[in-house]
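Residues in the sequence shown are numbered from 1055 upward in steps of one, following this note's numbering.
For every residue, glycine included, the Cβ atom is placed at its ideal position computed from N, Cα and C.
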Amino acid sequence: MQPFVPSRRGLMLVLSSPSGAGKTTISRKLLERDADLAMSVSVTTRAKRPGEVQGRDYHFIDLQRFEAMRARRELLEWAKVFGNYYGTPRQAVEQALSKGRDVLFDIDWQGTQQLEESARDDLVSVFVLPPSTAELERRLKTRAQDSADVVAERMAKAADEMTHYEAYDYIIVNRDLEESTAAVEAILRAERHRRHRQIGLNEFVKGLREGQ
Ligand code: 5GP
1055 MQPFVPSRRG LMLVLSSPSG AGKTTISRKL LERDADLAMS VSVTTRAKRP GEVQGRDYHF
1115 IDLQRFEAMR ARRELLEWAK VFGNYYGTPR QAVEQALSKG RDVLFDIDWQ GTQQLEESAR
1175 DDLVSVFVLP PSTAELERRL KTRAQDSADV VAERMAKAAD EMTHYEAYDY IIVNRDLEES
1235 TAAVEAILRA ERHRRHRQIG LNEFVKGLRE GQ
């Protein structure tokens, strides 16, 4: 009998959270440890922060280019966040999924809602919450890139963003980065085994029943 060669369609793993809850660090750790996971690099009209790299953290583009991509339906989803536009380029995601790779998205609740409407079967959504308001504020303040004004604005927005947790499949309270990363890895491992993602199961089971 031929051994069962697992083949599956890739899944879309969305991580959302208010700024400062630890989502970016969790994403980085996941990508380091899992070669089957690819990051979706968004386009954005916001200015590049110190340390960010064009094409790695974002594709930094101007508003005109963003509008053109949106008009040509090249974005899988898009949203306006903190006055800037963000969007997910469609082509890279579809290529990765069709090769059976999983794609990690760092997008907000508005984008997640759009993916939910267009690709529910491929979507696994995780919302990361901070352990407390005080800890969230501490993390935002120690993140040196942003000015005091931006920190204040993001604290105000965080309360609002957190109300959207109910739309997500999984919730992680990020008390400890290692534990939270391990939790997302466990979710990913389990979701990869979902029946509807596995291709060729019918044939395989038929073969098993026929004693091949
Ligand atoms: P930041 O400017 O701090 O990198 O990101 C601000 C917010 O925009 C974060 O909540 C992040 O998840 C969200 N974001 C980043 N890229 C995208 C995107 O392509 N689509 C959507 N909907 N949100 C995004």
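Proximity of TYR1222 and PHE1181 at Cβ, strictly below 7 Å: yes
Uninterrupted beta strand (DSSP E) stretches inside the segment 1070 to 1106 (no shorter than 3 residues): 1091 to 1093
The alpha helix (DSSP H) enclosing THR1166, as first and last residue numbers: 1163 to 1173
PRO1104 classed as buried or exposed, judged by whether at least 16 other C-beta atoms fall within 10 angstroms: Its Cβ having fewer than 16 others within 10 Å, PRO1104 is exposed.
C-beta atoms of LYS1102 and THR1235 nearer than 7 Å: no
According to DSSP, residues forming a beta bridge with TYR1224: VAL1180
Three-state class that DSSP yields for ILE1253 in the structure shown: strand
GLN1179 versus ASP1162 - alpha carbon distance: What sits at residue 1179 in the sequence shown is Ser, not Gln. SER1179 and ASP1162: Cα-Cα distance of roughly 11 Å.
Counted within 10 angstroms of its Cβ, other Cβ atoms place ILE1231 as buried (16 or more) or exposed: First, the amino acid is wrong: residue 1231 is Leu here, not Ile. Per the 10 Å Cβ criterion, exposed.
Integer-rounded CB distance, given that LEU1129 should sit under 8 Å from ARG1251: Not really, about 25 Å apart at Cβ, beyond 8 Å.
Best match in VAL1068, SER1071, ALA1075 for proximity to ARG1197 [C-alpha to C-alpha]: Ranking the options by Cα distance to ARG1197, first place goes to ALA1075.
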